[in-house]
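Protein chains: 2
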Amino acid sequence: MGNDKKLTLLDCTVRDGGLINKWQFTDDMVRRVFQAVNAAGLEYMEIGYRASEKMFPPGEYGPWRFSKDDKIREIIGDTPLNTKLGVMVDIGRVESEDFASADESPLSFVRVATYLKDIEKAISLANLVHDLGYESFINIMAISTVNDYDLAKGLASVEERTSVTAVTVVDSFGALLEENVKHLINTFKSNLSSKAVGFHGHNNLQLGFANTLTAISDGATFCDATITGIGRAAGNCPLELMLSYLKDPQFSIEPILQVIQDVFIDLRKEIEWGYLLPYMITGMLNEHPRVAIALRKSDRKDHYADFFRELTTPECYEN
Amino acid sequence: MGNDKKLTLLDCTVRDGGLINKWQFTDDMVRRVFQAVNAAGLEYMEIGYRASEKMFPPGEYGPWRFSKDDKIREIIGDTPLNTKLGVMVDIGRVESEDFASADESPLSFVRVATYLKDIEKAISLANLVHDLGYESFINIMAISTVNDYDLAKGLASVEERTSVTAVTVVDSFGALLEENVKHLINTFKSNLSSKAVGFHGHNNLQLGFANTLTAISDGATFCDATITGIGRAAGNCPLELMLSYLKDPQFSIEPILQVIQDVFIDLRKEIEWGYLLPYMITGMLNEHPRVAIALRKSDRKDHYADFFRELTTPECYEN
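Line by line, the protein sequences give chains A and B. Sequential numbering of the first sequence, starting at 183, is according to this note's numbering. Sequential numbering of the second sequence, starting at 183, is according to this note's numbering.
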């Protein structure tokens, strides 16, 4: 690594994986993931989103869209915690009444996901959960679409007005190349003197892991990964690759390989994630994967060349 | 790119892909791949191995283990060639009588694959095909297992005694990380003043593409790729990613996406390649993938954690 700061790993298997199936995982699956991550020695596990049931109909959305405290207690049982548990929240999809104070909750951290344009709302929400006693974080999504001026301004505001532990570069479109990662990590570092910088990669260009290594080498110290890289569309940086790379005696890869063998082989037969050409195409075009996700749900799911032509011929643009 | 030299791309879809199924591809498949690569504007296509039929029983091995001149003429038909066609040869598996002189062959280049320990034999074979009129190359396999002293000596011999166009770093085990790639490319460059340096990545750690970009950035100018990354075990750097990254008007990605849509979706239902946990495990252990390939052919194909324990417990070592 190119720096001396300790690297912190966060698992977001259930949270990001749930974007594929509206968080309809069985309790058994979530419990096995929790047990594996806890046994592997990770510092942080983001177990789901917290959202208001007023905004998302329970039933259509599974339990990890809401990640209620009681549900989390059910999963933990009497397991001693090595790993801090937390949730992600989106701007405008959660209310203060959705949180108990931290000392009455099994959760210890909350990450606020935001687009740069909503950074001021994210700051308010991060401060709200911080005041309730949670460790707070901000993740800036769709980072491949922002300009440097707006980004520096937003980061300065986060630096000045929050107590977040880390601010994370989120490559939502899986569009970043090495040089982009370096530029962004350095922009974050230079505007965030008192916060750690994080990185959350996607695998559209088969660079989820490689970009995470680049981010670490340039000074990111808080990195996200998921088991088998599960996550929306092309998925994320695989946790098993991070652990095999780090070779840190603090971590154990074996519980992760075991849960892959026991759970993820079958899960992969039910739901789809990982590098596929439609996601590569949206990644290279720096677009949200939603059109590619729609293609994969259609009867034209493997018509990659047609899809490429549709996205790149001028008729597609709304001028 | 970190240098001004023009990058040359070589497609080895049929050659490396054939390692999966003993080169039992249909003529239609090979013809479509050739047409796509030729239409995409690549400079080089390695269409198979050339080997002696005395050593490999035809029937068990498909046509692209031998890549006979007449067979290649059948594939080309009357298509005008944008792309130079060539073959790979292994030390000791081909004889001089297996080659016509280049002016009587549809082939224009031959690449000699070798382990470093056989470099003197590789030099002889490269010189033999060069004297027959073919453009010659040397690929040094299993490069993650060689020491710097032997490597420098071998490269100096290649530099002095051959007319090869390029010498290629071959990460056979898919074990190289960025820093290893940089070190190797620079070692090759400093010992090969008159030859280009090439790179052939494997995807065991999801770094096939990323390592190829690193190699280019450090001065490699001759890079291998395959359509969809097809190749033994975890496969190779995907050609479609290289073309989408390069955005070079000389190349066209559309024929490659079309042949993926038309051929590779169905092919992937018959044979397996790409990032899978057993290949990740051999990659991280810097081992040949053969034990992982054997696992994938057994009824324990998804027993990843068991496989990891078997390879890493002391009983496995022959002391």
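The beta-carbon is built from N, C-alpha and C at its ideal position, and this holds for glycine as well.
Problem set entry | Amino acids of chain A, ordered along the chain, whose beta-carbon sits closer than 7 Å to that of B:Ile442 | Using a Cβ-Cβ cut-off of 7 Å, B:Ile442 is close to Leu459, Tyr486 of chain A, given in chain order.
Problem set entry | Candidates B:Asp193, B:Ile202, B:Leu459, B:Tyr461, of which the one nearest B:Gly223 by Cα | Distance check between B:Gly223 and each of B:Asp193, B:Ile202, B:Leu459, B:Tyr461 places B:Asp193 closest, using alpha-carbon atoms only.
Exercise. Among B:Thr208, B:Pro460, B:Leu477, which has the Cα closest to the Cα of B:Pro245?
Worked result: Ranking B:Thr208, B:Pro460, B:Leu477 by Cα distance to B:Pro245 puts B:Thr208 first.
For this session: Starting from the Cα of B:Glu492, find the closest Cα among B:Pro460, B:Asp400, B:Ile447 and give me that residue.
Result: Nearest of B:Pro460, B:Asp400, B:Ile447 to B:Glu492, Cα basis: B:Pro460.
Exercise. Skipping 5 residues on each side, what residues in its chain have a beta carbon closer than 6 Å to that of B:Ile257?
Worked result: The beta carbon of B:Ile257 is closer than 6 Å to those of Val212, Arg213, Phe216 in its chain, skipping five residues each way along the sequence.
Exercise. With a Cβ-Cβ cutoff of 8 Å, do B:Leu374 and B:Gly383 count as a contact?
Worked result: In this structure, B:Leu374 sits away from B:Gly383, with a CB-CB distance that is not shorter than 8 Å.
For this session: Go ahead and pull the three-state DSSP assignment for A:Glu225.
Result: The DSSP-derived three-state label of A:Glu225 is coil.
Exercise. Which residues, in chain order, does the region 322–337 of chain A contribute to contact with chain B at a C-beta distance below 9 Å?
Worked result: Against chain B - using a Cβ distance shorter than 9 Å - the region 322–337 of chain A contributes no residues.
For this session: Specify the secondary structure class of A:Cys498 as computed by DSSP and reduced to three states.
Result: Any reading at A:Cys498 must be qualified, since the residue scores a pLDDT of 49, below 50, and its modelled position is unreliable; no value is offered.
For this session: Just list the alpha helix (DSSP H) runs in the region 421–450 of chain B, keeping only unbroken ones of 4 residues or longer that don't cross its boundaries, in chain order.
Result: Entirely contained in the region 421–450 of chain B, the alpha helix (DSSP H) runs reaching 4 residues are, in chain order, 421–428, 436–441.
For this session: Just the chain A side, please: which residues come within less than 8 Å of B:Glu436 by C-beta, in chain order?
Result: Within chain A, the residues near B:Glu436 are Ala487, Phe490, Arg491.
Exercise. Where does B:Phe281 sit, in a helix, a strand or coil, going by DSSP?
Worked result: The DSSP-derived three-state label of B:Phe281 is coil.
Exercise. Which residues, in order along the region 416–427 of chain A, keep a beta-carbon less than 8 Å from a beta-carbon of chain B?
Worked result: Cβ contacts with chain B come from Pro420, Glu422, Leu423, Ser426, Tyr427.
Exercise. Can you name the residues of chain A whose CB is closer than 7 Å to the CB of B:Met466?
Worked result: Ordered by position in chain A, the residues that pass the 7 Å Cβ test against B:Met466 are Ser426.
For this session: Take every Cβ of the region 397–407 of chain B, pair it with every Cβ of the region 441–452 of chain A, and state whether three or more of those distances are shorter than 8 Å.
Result: Contact fails between the region 397–407 of chain B and the region 441–452 of chain A, because fewer than three Cβ pairs, one in each stretch, are under 8 Å apart.
Problem set entry | Cross-strand partners of A:Cys405 (DSSP beta bridge) | In DSSP, A:Cys405 forms a bridge with A:Leu191, A:Phe381.
Exercise. From this set, A:Glu436, A:Ile453, A:Lys204, which residue's C-alpha is nearest A:Asn220's C-alpha?
Worked result: Nearest Cα to A:Asn220 within the set A:Glu436, A:Ile453, A:Lys204: A:Glu436.
Problem set entry | Euclidean distance between Cα positions of B:Ala487 and A:Glu454 | Approximately 22 Å, taken between the alpha carbons.
For this session: Could you tell me the boundaries of the alpha helix (DSSP H) in which A:Asp400 lies?
Result: Premise fails: A:Asp400 is in no alpha helix (DSSP H) and is neither H nor E.
Problem set entry | Bounding residues of the beta strand (DSSP E) (the contiguous stretch that carries B:Ile322) | For B:Ile322, the enclosing beta strand (DSSP E) has its first and last residue at 317–322.
For this session: Could you round the C-beta distance between B:Thr327 and B:Lys364 to whole angstroms and report it? I think they count as a contact, below 8 Å.
Result: Cβ-Cβ separation between B:Thr327 and B:Lys364: approximately 18 Å, too far for a contact (criterion under 8 Å).
For this session: Starting from B:Met270, follow its DSSP beta bridges and name the residues at the other end.
Result: Paired residues: B:Tyr231, B:Arg293.
For this session: Could you tell me which residues DSSP puts in a beta bridge with A:Asn418?
Result: Beta-bridge annotation (DSSP): A:Asn418 is paired with A:His384.
Exercise. Under the rule that 16 or more other beta-carbon atoms within 10 Å means buried, what is A:Asn386, buried or exposed?
Worked result: A:Asn386 comes out buried.
Problem set entry | A:Thr408 versus A:Asp313: straight-line alpha-carbon distance, rounded | One C-alpha to the other measures close to 29 Å.
Problem set entry | Supposed close pair B:Gly380, B:Ala416 - CB separation, criterion 8 Å | Not really, about 19 Å apart at Cβ, beyond 8 Å.
Problem set entry | Opening and closing residue of the beta strand (DSSP E) in which B:Asp464 lies | This sequence places Thr at residue 464 of chain B; Asp is not what is there. That residue, B:Thr464, is in no beta strand (DSSP E); its alpha helix (DSSP H) goes 459–466.
For this session: Would you decide whether B:Met183 is buried or exposed? Buried here means 16 or more other CB atoms lie within 10 Å of its CB.
Result: Any reading at B:Met183 is ruled out, since the residue's pLDDT is 39, under 50, leaving its predicted position unreliable.
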